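What follows is a set of notes on a single structure, which appears directly below.
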């Protein structure tokens, strides 16, 4: 069974995916759409590239890999660096199929062909200010960016892309989960539904 978890940057979708994966244990495979970013074009400043737009992702490869997993075949997931903004040459993660495959990312419900693959979908909804704060904390620590560059990117690309591409995905989701990983009742309902479907 293929499960999609969509939502804005900093919404908590990764936390939701991780918490579900931890409970499902060996029955679950977890993928991040972040591994399917395209390489930053040569000569382009990262600050001038919209990483939240559909053109930033290799939908073709993601769809191909998910079809393989759904057919019970392993894949080699790309290794993308948020320091160089490119895939690491020759580096892959071997991903094996399991009864439940969770795919999380900002645009996992954007592409019509991609949506057809999923059996169940969640949209994680979180207030704008909370998403921005989480993004600042993450990018400063994990991606070695300055607060000025994070805020500039948020205003120029992230916020407009959220309104244009990310938020409309909630209309395709089976469940809208407010507050993400902190919504204990919601997580429990989703977990029980997955276990029931798996049985």
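Numbering (our numbering), first residue to last: 545 to 743.
A virtual CB, placed ideally from N, CA and C, is assigned to each residue, including glycine.
It should be emphasised that the depicted structure is a prediction, and the values quoted were computed from it without experimental measurement.
Exposed unless 16 or more other CB atoms sit within 10 angstroms - verdict on residue i
| i | result |
| --- | --- |
| residue 734 | buried |
| residue 677 | exposed |
| residue 671 | exposed |
| residue 675 | buried |
| residue 590 | exposed |
| residue 635 | exposed |
| residue 587 | exposed |
| residue 679 | buried |
Beta carbon of residue i nearer than 9 Å to that of residue j
| i | j | result |
| --- | --- | --- |
| residue 610 | residue 661 | yes |
| residue 553 | residue 602 | no |
| residue 742 | residue 546 | no |
| residue 668 | residue 575 | no |
Where the beta strand (DSSP E) containing residue i begins and where it ends
| i | result |
| --- | --- |
| residue 560 | It is not in any beta strand (DSSP E) - residue 560 instead sits in the alpha helix (DSSP H) that spans 557-568. |
| residue 721 | 719-722 |
| residue 631 | 630-639 |
Rounded separation between residue i and residue j - CA only
| i | j | result |
| --- | --- | --- |
| residue 656 | residue 688 | 34 Å |
| residue 727 | residue 615 | 33 Å |
| residue 598 | residue 704 | 13 Å |
| residue 730 | residue 714 | 16 Å |
| residue 712 | residue 633 | 34 Å |
| residue 551 | residue 649 | 7 Å |
| residue 612 | residue 643 | 13 Å |
N-terminal and C-terminal residue of the alpha helix (DSSP H) that residue i is part of
| i | result |
| --- | --- |
| residue 732 | 728-742 |
*If you scan the stretch 647-698 from start to end, which runs of the alpha helix (DSSP H) of 4 or more residues do you find wholly inside it?*
For the stretch 647-698, the full-length alpha helix (DSSP H) segments reaching 4 residues or more read 656-661, 672-686, 691-697 along the chain.
*Unbroken beta strand (DSSP E) runs of length 3 or more, entirely within the stretch 545-624: which are they?*
546-551, 572-576
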